[in-house]
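K.L.:
Under full-length UniProt numbering, the sequence shown has 64 at position 64, and the numbering climbs by one with no breaks.
Glycine included, each C-beta is placed from N, C-alpha and C at the ideal position.
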Amino acid sequence: MKRGMNPELKCRIQTALPEHLDLLIAFQQAMAKESEGMELSQKTLYEGIKAVLENPTKGKYYIALHGNEVAGCMMHTYEWSDWRNAYVIWIQSVYVKPEYRRRGVFRQFYAFTQKQVQENKQFCGIRLYVEQNNEAAIATYRALGMDDGHYRLFEWMP
């Protein structure tokens with residue numbers, strides 16, 4: 001452990017359940033406000049997260065439990081790669097409660113995702129996107145061995 005850091009926590013990663021819907025909504029609202037200064041619609045989040053919880057082809061939410069406390073969440077979505085004949089797992093909608101940050105929660109989410117890729121031939125890798133100015137997140141991803149690849153992300157969101 002680095003000097004001045006909080007001790008790393010041991011979390012259990014599990015699939016989020018319908019009863020976690022309200023918590024997932026709150027986490028996504030907090031994440032959008034903190035990272036991008038955005039206020040997200042509660043109704044849209046409710047419908048969007050519920051759609052994922054009800055239909056695993058859209059994605060899958062996971063939570064990190066420390067004891068009985070939910071420390072954070074992430075969502076996986078799946079992109080088909082014709083070049084690799086397998087799916088790329090996209091890590092999205094990551095949120096870790098402030099009191100659990102810098103304590104290894106995302107590291108455990110990432111290790112969980114890596115294990116899925118390593119143990120299942122239908123997956124070929126992991127991708128994620130990050131807001132350009134989120135230096136703390138970028139440093140975390142680099143420390144875990146990720147790089148920013150050779151692609152740039154473009155979008156159109158009317």
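Quick one: measure Cβ to Cβ for Thr77 and Gly48, integer angstroms, because I've assumed they're closer than 8 Å.
P.N.:
12 Å between Cβ atoms; not a contact.
K.L.:
Taking a contact to mean a Cβ-Cβ separation below 7 Å, would you say Ile126 touches Thr140 in this structure?
P.N.:
For Ile126 and Thr140, no; Cβs fall outside 7 Å.
K.L.:
When you compare only the Cα positions, how much space is there between Gln14 and Met38?
P.N.:
Computed Cα separation, rounded: 28 Å.
K.L.:
Would you mind sorting residue 174 into buried or exposed? The rule is 16 or more other CB atoms within 10 Å of its CB.
P.N.:
Here the chain covers residues 1 to 158 and nothing more, so residue 174 does not appear.
K.L.:
Whose CA, out of Ile138, Arg107, Cys124 and Arg152, lies closest to the CA of Ala71?
P.N.:
If we check each option's Cα against that of Ala71, Arg107 comes out closest.
K.L.:
Starting from Trp90, follow its DSSP beta bridges and name the residues at the other end.
P.N.:
DSSP lists Thr77 and Arg127 as partners of Trp90.
K.L.:
Please determine, among Ile63, Ala111 and Arg84, the residue with the shortest C-alpha to C-alpha distance to Ala16.
P.N.:
Selected option, being the one with the closest Cα: Ile63.
K.L.:
Where Tyr120 and Ile25 are concerned, what is the direct C-alpha to C-alpha distance, given to the nearest angstrom?
P.N.:
Note that residue 120 corresponds to Asn in the displayed sequence, not to Tyr. So the alpha carbons of these two residues sit roughly 30 Å apart.
K.L.:
Let me know the secondary structure DSSP gives Ala16 once reduced to three states.
P.N.:
In this structure, Ala16 counts as coil in the three-state DSSP scheme.
K.L.:
Could you say which of Ile89, Leu23, Ser35 and Arg12 lies nearest to Gly67 if we only look at CA atoms?
P.N.:
When only C-alpha atoms are compared, the closest one is Arg12.
K.L.:
Out of Ser93, Leu21, Gln122 and Cys124, state which residue places its alpha-carbon closest to the alpha-carbon of Glu54.
P.N.:
Answer by Cα proximity: Leu21.
K.L.:
Pull up the distance between the alpha-carbon of Lys115 and that of Met146, whole angstroms please.
P.N.:
Approximately 15 Å between the Cα atoms of the pair.
K.L.:
Excluding the 5 residues flanking Tyr129 on each side, which residues of the same chain have their C-beta closer than 6 Å to its C-beta?
P.N.:
Excluding residues within five positions, the ones whose Cβ falls inside 6 Å are Leu153.
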